[in-house]
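2 protein chains.
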Amino acid sequence: MTDGLTIAAAAERLGLTPDTLRYYEKDGLLLRPVARAASGHRRYGPHDLRWIELVTRLRSTGMAIRDVRRYADLVREGVGTEVARLELLREHRRKVLAQLAEVQEHLGAIDHKIGIYADAIEGREGAA
Amino acid sequence: MTDGLTIAAAAERLGLTPDTLRYYEKDGLLLRPVARAASGHRRYGPHDLRWIELVTRLRSTGMAIRDVRRYADLVREGVGTEVARLELLREHRRKVLAQLAEVQEHLGAIDHKIGIYADAIEGREGAA
DNA sequence: CTCGACCTTTGAGCGCGCTCCAAGTCAAGC
DNA sequence: GCTTGACTTGGAGCGCGCTCAAAGGTCGAG
Numbered sequence: 001m002t003d004g005l006t007i008a009a010a011a012e013r014l015g016l017t018p019d020t021l022r023y024y025e026k027d028g029l030l031l032r033p034v035a036r037a038a039s040g041h042r043r044y045g046p047h048d049l050r051w052i053e054l055v056t057r058l059r060s061t062g063m064a065i066r067d068v069r070r071y072a073d074l075v076r077e078g079v080g081t082e083v084a085r086l087e088l089l090r091e092h093r094r095k096v097l098a099q100l101a102e103v104q105e106h107l108g109a110i111d112h113k114i115g116i117y118a119d120a121i122e123g124r125e126g127a128a
Numbered sequence: 129m130t131d132g133l134t135i136a137a138a139a140e141r142l143g144l145t146p147d148t149l150r151y152y153e154k155d156g157l158l159l160r161p162v163a164r165a166a167s168g169h170r171r172y173g174p175h176d177l178r179w180i181e182l183v184t185r186l187r188s189t190g191m192a193i194r195d196v197r198r199y200a201d202l203v204r205e206g207v208g209t210e211v212a213r214l215e216l217l218r219e220h221r222r223k224v225l226a227q228l229a230e231v232q233e234h235l236g237a238i239d240h241k242i243g244i245y246a247d248a249i250e251g252r253e254g255a256a
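So the protein lines, in turn, are chains A and B.
Counting in our numbering, the first sequence runs from 1 upward without gaps.
Counting in our numbering, the second sequence runs from 129 upward without gaps.
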């Protein structure tokens with residue numbers, strides 16, 4: 001029977017390293033310990049993969065590991081934490097949008113600088 | 129005569145800490161050592177402030193300190209490095225845009241999740 | 001003249017997020 | 001049976017970007 005991916009295969013699919021997957025598990029970012037084959041090797045099922053994908057989305061948008069863990073804690077607690085989970089996600093969303101706006105503003109200034117260099121180097125028409 | 133801001137004033141204006149300003153200077157991110165008052169205290173002039181503002185824009189858009197230093201090195205070298213500077217900035221711009229796109233994509237998935245929670249908690253109309 | 005705020009330098013320390021290493025276990029192929 | 005290679009654990013190490021501490025100098029107000 002096919003009861004899941006090896007840690008190497010899961011890491012590959014998720015764009016992480018096996019070390020990172022073990023680290024996440026040890027650090028409480030997963031909902032429960034990953035299942036093991038008879039050999040003691042980890043086996044990642046679809047459920048695990050979906051959850052870790054969400055973890056990587058949170059991480060890739062800048063959520064700190066401790067906050068991902070808080071979110072995982074809430075999910076693990078189960079029914080009754082939905083409002084807290086929603087608030088956590090909305091707060092994160094707010095921060096991400098603010099961060100995006102800030103980066104875009106700074107990038108605009110850098111673009112301006114690029115324009116100045118480009119004009120100077122590639123030759124500006126009509127100047128003396 | 130007014131020959132510049134103290135390190136505390138400069139830090140305040142730039143949104144950094146005095147420690148960070150000293151660190152940047154020691155690490156080669158500034159074009160030249162900051163001028164000193166007779167007492168040995170640093171004095172930040174408009175030129176310094178403008179440069180450091182650019183540094184913070186590069187940093188805030190995710191450029192690593194070592195790359196900011198490479199850029200500073202090029203500016204310090206002077207005439208003849210303009211093409212290299214332009215390339216460095218354009219390469220950075222490319223990376224920032226890619227990063228923005230990735231974050232936006234992940235955020236979209238998180239938004240979707242938020243929608244699911246919101247529907248479930250705040251009550252979805254018309255469902256059984 | 002003293003006080004307190006602010007500055008100086010050198011160098012250590014820290015939080016984050018992995019990343020790597022050593023020593024050992026296990027399964028499959030030859 | 002032996003080798004090979006992927007896996008296991010525990011714990012150390014690391015690169016980044018600051019951040020702080022210690023010990024001392026400067027300066028203006030009272």
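In this text, a Cβ means the ideal position worked out from N, Cα and C, and glycines have one as well.
> How long is the line joining the alpha carbons of Ala-118 of chain A and Pro-161 of chain B, rounded to whole angstroms?
Replying inline: Between Ala-118 of chain A and Pro-161 of chain B, the C-alpha separation is close to 29 Å.
> Roughly how many whole angstroms lie between the Cα atoms of Arg-50 of chain A and Ala-237 of chain B?
Replying inline: 12 Å
>> Considering Cα atoms alone, identify which of B:Ser-167, B:Ala-137 and B:Asp-195 is closest to Leu-158 of chain B.
In response: B:Asp-195
> Can you find a C-beta in chain B that's less than 8 Å from the C-beta of Glu-82 of chain A?
Replying inline: yes
> In chain A, what lies closer than 9 Å to Thr-262 of chain B by C-beta?
Replying inline: Absent from the structure is residue 262 of chain B, since the part of chain B shown begins at 129 and ends at 256.
> Given 8 Å as the limit, is there contact between the stretch 94 to 102 of chain A and the stretch 206 to 215 of chain B, that is, 3 or more CB pairs closer than that?
Replying inline: no
> Is the stretch 132 to 139 of chain B close to the stretch 169 to 187 of chain B, with three or more CB pairs under 8 Å?
Replying inline: yes
> To the nearest whole angstrom, what separates the beta carbons of Ala-38 of chain A and Leu-21 of chain A, a pair I think is in contact under 8 Å?
Replying inline: Actually they do not touch by this definition, with Cβ atoms about 20 Å apart.
> From Leu-142 of chain B to His-220 of chain B, what distance separates their C-alpha atoms?
Replying inline: 22 Å
> Can you find a CB in chain B that lies within less than 8 Å of the CB of Arg-69 of chain A?
Replying inline: For Arg-69 of chain A, the answer is no, since every Cβ of chain B falls outside 8 Å of its Cβ.
> What do you reckon, are the CB atoms on Thr-56 of chain A and Val-231 of chain B nearer than 8 Å?
Replying inline: no
> Cα-Cα, which of A:Leu-54, A:Ala-72, A:Val-75 and A:Glu-25 is closest to Glu-233 of chain B?
Replying inline: A:Leu-54
> Residue range of the alpha helix (DSSP H) that Arg-22 of chain A falls in?
Replying inline: Counting along the chain, the alpha helix (DSSP H) containing Arg-22 of chain A begins and ends at 18 to 26.
>> Quick test of your reading: Leu-107 of chain A and Ile-242 of chain B, contact by CB under 8 Å. State the CB separation rounded to the nearest angstrom.
In response: 26 Å between Cβ atoms; not a contact.
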